[in-house]
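FYI, this note's numbering numbers position 94 of the sequence shown as 94, with every residue one higher than the one before it. All C-beta atoms in this analysis are idealised placements derived from N, C-alpha and C, irrespective of residue type, glycine included. Keep in mind it's a predicted model, so treat the numbers as computed, not measured.
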Amino acid sequence: MSDDAFIVGGQALNLWAERYSHVAELDAYGPYTSKDIDYFGQREAAEKLANALGGSVAIPNADNHTPQTAIVHAEIDGHPIEIDFLWHVMGVDDAKLKKQAIQIRMNVRMTEGTAELHVPIMHPFHCLQSRLANVVQLKRETDLALNQLNASPIVLREFLLEQLDNGQSKHVTGVLQALYDYLSSDIVGRKAHKHMRNDPSAILDTFQNDERLDERWREKSLHSMRASLARKRTAWGIMTERIKEAFNRKRENARS
1 MSDDAFIVGG QALNLWAERY SHVAELDAYG PYTSKDIDYF GQREAAEKLA
51 NALGGSVAIP NADNHTPQTA IVHAEIDGHP IEIDFLWHVM GVDDAKLKKQ
101 AIQIRMNVRM TEGTAELHVP IMHPFHCLQS RLANVVQLKR ETDLALNQLN
151 ASPIVLREFL LEQLDNGQSK HVTGVLQALY DYLSSDIVGR KAHKHMRNDP
201 SAILDTFQND ERLDERWREK SLHSMRASLA RKRTAWGIMT ERIKEAFNRK
251 RENARS
């Protein structure tokens, strides 16, 4: 799809999980299916998709406080579908979401054979952030929501391993740094280990001895991240962080 639109939300996680379906750990959180599809994109992209599918577009009322920019109604193989287009994904920075979206190649069975599709989709790290926000902030604790949440660290780990296989060590170190920042400093990310069966911090552990990453970076930066995160999760570390937050709020209030 053009207009920089790409798949987000639970369906994005499902597509990544399908890509790594050979990983036995993911079996516990399936099936990875959903009748809903969410796109990050504007009205113009929704109209193009509706025209391609022979469907229609509904535009939410401006008075409705919703992240939707448009809703596409169409039928595929006789089944009605609804596709939401969003301007914001809960838990994810909009600029980073757009900048880091990825095109993945998928083989799709067609009547005349198999075709390769290039599907734009949100980054696995943002999948993890959005699935955690879905549970922590939106209080969605259905089996589906929790399964997607618990699958998301596995998907992210496998994605990073795949990136290393492709020689993308710089991207991997950047994501690991972003993951550490999120788990140690973000108001939602700091709660990840309390809500997830698979603690995302284990991803940092996975790469500590991976020789495909720079040895000095692993010994200094990554080791420091792991130790710092473990320290912050102790009772003393939690209390210290709360004192810092209270002090910062007081200082900000004094400035305003």
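When DSSP reads this structure, residue 86 sits in a beta bridge with 40 and 68.
The C-beta of residue 134 has 16 or more other C-beta atoms within 10 Å across all chains shown, which makes the residue buried.
By the C-beta criterion, the stretch 79-97 is judged to be in contact with the stretch 122-140, since at least 3 inter-stretch pairs fall below 8 Å. Distance from residue 70 to residue 54 at the Cβ level is roughly 16 Å; contact not present, criterion being Cβ atoms closer than 8 Å. Put simply, of 195, 183, 145 and 165 the residue whose alpha carbon is nearest the alpha carbon of residue 225 is 183. Positions of the alpha helix (DSSP H) runs, each at least 4 residues long and wholly inside the stretch 128-183, are given as 143-165 in order along the chain. With fewer than 16 neighbouring CB atoms inside 10 Å of its own CB, residue 56 falls in the exposed class.
Inter-residue distance for residue 41 and residue 89 is about 11 Å (C-alpha atoms, whole angstroms).
Scanning its chain for C-beta atoms nearer than 8 Å, with the 5 sequence neighbours on each side dropped, one finds around residue 43 the residues 57, 59, 69, 70 and 85, in chain order. The C-alpha of residue 104 is placed about 21 Å away from the C-alpha of residue 48. DSSP places residue 225 within a helical segment (H, G or I) once states are collapsed to three. Taking a 10 Å sphere around the C-beta of residue 80, we find fewer than 16 other C-beta atoms and assign the residue as exposed. Taken atom to atom, the span from the alpha-carbon of residue 147 to that of residue 45 is near 30 Å. Here the stretch 247-255 makes no contact with the stretch 182-199; the two share fewer than three CB pairs at distances below 8 Å. Sequence-distant Cβ neighbours of residue 159 in its own chain, meaning closer than 6 Å and more than five residues away, are 124.
The three-state secondary structure of residue 75, taken from DSSP, is strand. Straight through space, the alpha carbons of residue 243 and residue 24 are spaced by roughly 42 Å. Secondary structure at residue 124: helix, using DSSP grouped into helix, strand and coil.
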